[in-house]
DNA sequence: AAGTAGAGGATTGTTGAACGATTCCGCAAT
DNA sequence: ATTGCGGAATCGTTCAACAATCCTCTACTT
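Protein chains in written order, with my numbering: chain R, 2 to 230; chain S, 2 to 230.
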């Protein structure tokens, strides 16, 4: 048996992907939060949820901890778990991080061509979502686009962090009415950034992105403040 | 009683910092890992640790989950918890993130003067650590310095992420012998960066930092690969 | 009427025990 | 040297219990 075969096998080992019940439960809850089924501020009672999912309180609590660390749930001692409610400062911090990381990802690019597959697919998905007026899906597509930007840095940890940041952002989007307003204008701008990168003009892409993020932040923060007040 | 007094009190409420046992346990374990008492690869048996700390298995497991999410522990299903053992790729990714975030933090600076207190204190602490040949403390001081760089971005989430990245890096430092070699050369370079910022020359600071990080990464990755092989 | 104090109920925090499932380790068999 | 097979150890998960804490509602005071 050649060493090559063994190496490939050991590469695949992580794909076996066995997961504990707690992690699967966390996955289910994460989905509900991200998809908007669980609204910010909603309380998640241990007994109630545990019974509904058929897991014990202990296992459920393990799942809660995971989501707390992802900042999707907030834990108040002796009061329970709540779907996180972002403040306007949280929102601004999220954009601060986005601007830091996304722009840095573009800046550190070497010579073209770049691996634009994720971003390309996101724009395509966004176009068809817009055509069919699925505004929530358009928002998802836009987020995938920015996930794709960070992927250009080639750092698993940066990807992870960005995933968390975007998940948190959904907590904001889900309490906003009129989602179209916050997603549609940015589709062509994503496209423009993509074009710049395709042309090998990373500095231009970075400038576009910086303005994009500032605009988006302003619009969202204003709307969110209004929604809360 | 004026409203002002009440407002100040409510601002301080979060400082009361009530924490659950699980979080305190996590804090203790985190300390042990970061200080090097628990070496990478070491297994943390539930019963053993639980008995030593006087907490139940369930509570301990909650603490383990927290640290797993911080990437300080690794969880293998049905095998238990282990102090994380970084690969060389992990190490390179950590530096990728550092370069992304730290340089971005310097780049987004507005007009001087800057809030250099953390960095200044870190250099001072580093100097006295070097004078007394406490090399491990010198490493800690250097890390504080870079934490201070990210603080310039004014983003709690970025601070948090950096804290995690630096904690992970300790997992590497703790398996390296001859810590002096990896810390001492960087103290004057930190000082130089600090000086550049004090002069209001952020672009120069950023250039210095970029080279610093690349040098450090090379040296550390080489040494680490040798240590592992 | 308004505000305070306290009792009672509900929920969380933590523990301890239990049992099946999985892994680890040593030993025999090939 | 490799394989196969127990037995011991450990993990994964559940359940039940109780103390601590919080919430609510009522009754009382002013």
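Quick reminder that beta carbons are idealized off the backbone N, C-alpha and C, glycines included.
Skipping 5 residues on each side, what residues in its chain have a beta carbon closer than 6 Å to that of residue i?
i	result
residue 165 (chain S)	71
residue 186 (chain S)	none
residue 11 (chain S)	With a pLDDT of 42 at residue 11 (chain S), under the threshold of 50, the modelled position of that residue is not reliable, and the figure given next carries that caveat. Closer than 6 Å at the Cβ level, and outside the excluded window around residue 11 (chain S), lies no residue.
residue 130 (chain S)	138, 139 and 142
residue 219 (chain R)	none
residue 126 (chain R)	142
residue 39 (chain R)	33 and 84
Could you pull out every residue in the same chain whose Cβ sits closer than 7 Å to the Cβ of residue i, ignoring the five residues on either side in sequence?
i	result
residue 154 (chain R)	106 and 109
residue 200 (chain S)	none
residue 192 (chain R)	124
residue 64 (chain S)	23, 26, 27 and 30
residue 204 (chain R)	none
residue 42 (chain R)	83, 84 and 86
residue 151 (chain S)	102, 103, 106, 159, 160 and 163
residue 228 (chain S)	176 and 177
residue 144 (chain S)	167
residue 117 (chain R)	195, 198 and 199
residue 21 (chain R)	none
residue 115 (chain R)	153 and 198
Does the distance from the C-beta atom of residue i to that of residue j stay below 7 Å?
i	j	result
residue 92 (chain S)	residue 222 (chain S)	yes
residue 142 (chain S)	residue 123 (chain S)	yes
residue 171 (chain S)	residue 35 (chain S)	yes
residue 195 (chain R)	residue 100 (chain R)	no
residue 120 (chain R)	residue 146 (chain R)	yes
residue 140 (chain R)	residue 184 (chain R)	yes
residue 73 (chain S)	residue 85 (chain S)	yes
residue 197 (chain S)	residue 211 (chain S)	no
residue 225 (chain S)	residue 173 (chain S)	yes
residue 160 (chain S)	residue 158 (chain R)	no
residue 137 (chain S)	residue 189 (chain S)	no
residue 175 (chain S)	residue 37 (chain S)	yes
residue 156 (chain R)	residue 56 (chain S)	no
Under 7 Å between beta-carbons, which chain S residues line up against residue i? List them in chain order, please.
i	result
residue 162 (chain R)	162
residue 55 (chain R)	Within 7 Å Cβ-Cβ: nothing; residue 55 (chain R) doesn't reach chain S, min ~19 Å.
residue 98 (chain R)	156, 158 and 159
residue 62 (chain R)	63
residue 94 (chain R)	156, 157 and 158
residue 244 (chain R)	Here chain R comprises residues numbered 2 to 230, so residue 244 (chain R) is not present and cannot be evaluated.
List the endpoints of the continuous beta strand (DSSP E) containing residue i.
i	result
residue 81 (chain S)	81-84
Listing by chain order, which chain R residues have their CB less than 8 Å from the CB of residue i?
i	result
residue 37 (chain S)	Result: empty, since nearest Cβ-Cβ is about 22 Å, beyond 8 Å.
Name the chain S residues whose beta carbon is nearer than 9 Å to that of residue i?
i	result
residue 51 (chain R)	The premise fails here: residue 51 (chain R) is roughly 14 Å from chain S at the closest Cβ pair, so nothing lies under 9 Å.
residue 1 (chain R)	Missing from the structure shown is residue 1 (chain R); chain R here goes from 2 to 230 and no further.
Taking residue i as the query, report the chain R residues whose CB atoms sit under 7 Å from its CB, ordered along the chain.
i	result
residue 67 (chain S)	66 and 70
What span of residues does the alpha helix (DSSP H) with residue i cover, start to end?
i	result
residue 75 (chain R)	Residue 75 (chain R) -> not in any alpha helix (DSSP H); beta strand (DSSP E) instead, spanning 74-77.
residue 129 (chain R)	118-132
residue 148 (chain R)	136-152
residue 220 (chain S)	203-229
residue 47 (chain S)	47-54
residue 162 (chain R)	157-174
residue 183 (chain R)	180-184
residue 193 (chain R)	187-199
residue 112 (chain S)	Neither: residue 112 (chain S) is in no alpha helix (DSSP H) and is coded neither H nor E.
residue 36 (chain S)	22-36
residue 61 (chain R)	58-70
Please list the partners that residue i has in chain S, where partner means a Cβ-to-Cβ separation under 8 Å.
i	result
residue 102 (chain R)	101, 102 and 105
With a CB to CB cut of under 8 Å and the five nearest residues on each side skipped, what residues in its chain are close to residue i?
i	result
residue 67 (chain S)	23, 24 and 27
residue 48 (chain S)	58
residue 81 (chain R)	44, 45, 46 and 47
residue 128 (chain R)	188
residue 8 (chain R)	In this prediction, residue 8 (chain R) has a pLDDT of 48, which is less than 50 and means its spatial position is unreliable; what the coordinates show is noted afterwards. Contacts found: none.
residue 89 (chain R)	222, 225, 226 and 229
residue 14 (chain S)	Because residue 14 (chain S) carries a pLDDT of 42, less than 50, the predicted location of this residue cannot be relied on, and the following value inherits that uncertainty. Excluding positions up to five away in sequence, the list is empty.
residue 69 (chain R)	75, 76 and 82
residue 202 (chain S)	none
The ligand SAH and residue i: does the residue's C-beta get closer than 6 Å to at least one heavy atom of that ligand?
i	result
residue 73 (chain R)	The model on display carries no ligand, and the ligand SAH is accordingly not part of it.
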